[in-house]
Amino acid sequence: MPAEKAVQGIAGMVVLGNAWESVDMFEALAYVLDRDHATLAYVALLRMEELYAAGKNSLKGRELDSARTVPIALMDEDLRRNAEDEYERLRAKAEGYHQKRAAFITKRLKEGTHSDTDPSSWEGWSERAPLEVRDAPLWVRAKQHSIEIIMTAALLAVISLLLVAAVYVIRRRRAA
1 MPAEKAVQGI AGMVVLGNAW ESVDMFEALA YVLDRDHATL AYVALLRMEE
51 LYAAGKNSLK GRELDSARTV PIALMDEDLR RNAEDEYERL RAKAEGYHQK
101 RAAFITKRLK EGTHSDTDPS SWEGWSERAP LEVRDAPLWV RAKQHSIEII
151 MTAALLAVIS LLLVAAVYVI RRRRAA
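For the sequence shown, my numbering gives the first residue as 1, with consecutive numbering after it.
Rendered as structure tokens:
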């Protein structure tokens, strides 16, 4: 299954169901996002931390520390800090939304209406637009990409040196 489809599926369960309180769902999301979207994977791990701190558990019982090290290993400190700040901002907005929605549903239930039995129970509720995730400032992203470019160049240099050494050894053996 393509990673994009997995991300859409997991995100759909988080939005539509109770998966927003599941350590395992956010671990799965972090796992799927890990290679191509380390910052978003880190945000998923921040949610896992929050859930563990609130007393939630994984069905597997695995500790957070083992899963937390992978996506952040290559993240610059400024990029990590930016992700943490953005996570806090988005969580505050999500909590405000959740409180308003819960109050609306409670009010409607007290009035005797329920969405399973009364299609008009959502009248008066307006769904808000999805939250916009702000990207890190350009200088932070450029710095992160510079680190990745340097790491790639260093890897290519090592591979090149190994190839040159292999050719040298082969030529010496043939000459002897």
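For each residue, glycine too, the CB sits at the ideal point set by N, CA and C.
Here the structure is a predicted model, which is why all the values come from computation and not from measurement.
Note that the stretch 43-52 touches the stretch 24-32; at least 3 beta-carbon pairs, one per stretch, sit closer than 8 Å. Here residue 18 is exposed, its C-beta having fewer than 16 other C-beta atoms within 10 Å.
In this chain, the alpha helix (DSSP H) harbouring residue 98 covers 77-110. Minimum Cα-Cα distance from residue 88 among the listed residues 112, 149 and 43 corresponds to 43.
Within the stretch 18-70, the runs of alpha helix (DSSP H) at least 4 residues long that lie entirely inside it are, in chain order, 23-33 and 38-53.
Taking the C-beta atoms as reference points, residue 120 is found no nearer than 8 Å to residue 114. The shortest CA-to-CA distance from residue 55 to any of 76, 75, 38 and 23 is the one to 23. Here DSSP, grouped into helix, strand and coil, assigns residue 120 to helix.
The stretch 124-135 and the stretch 89-102 touch, with no fewer than 3 CB-CB distances between them shorter than 8 Å. In the displayed model, residue 127 falls within coil according to three-state DSSP, outside both helix and strand. In this structure, the alpha-carbon of residue 168 lies about 10 Å from that of residue 174.
The beta carbons of residue 3 and residue 36 sit closer together than 8 Å. Rounded to whole angstroms, the gap between the alpha carbons of residue 10 and residue 91 is 18 Å.
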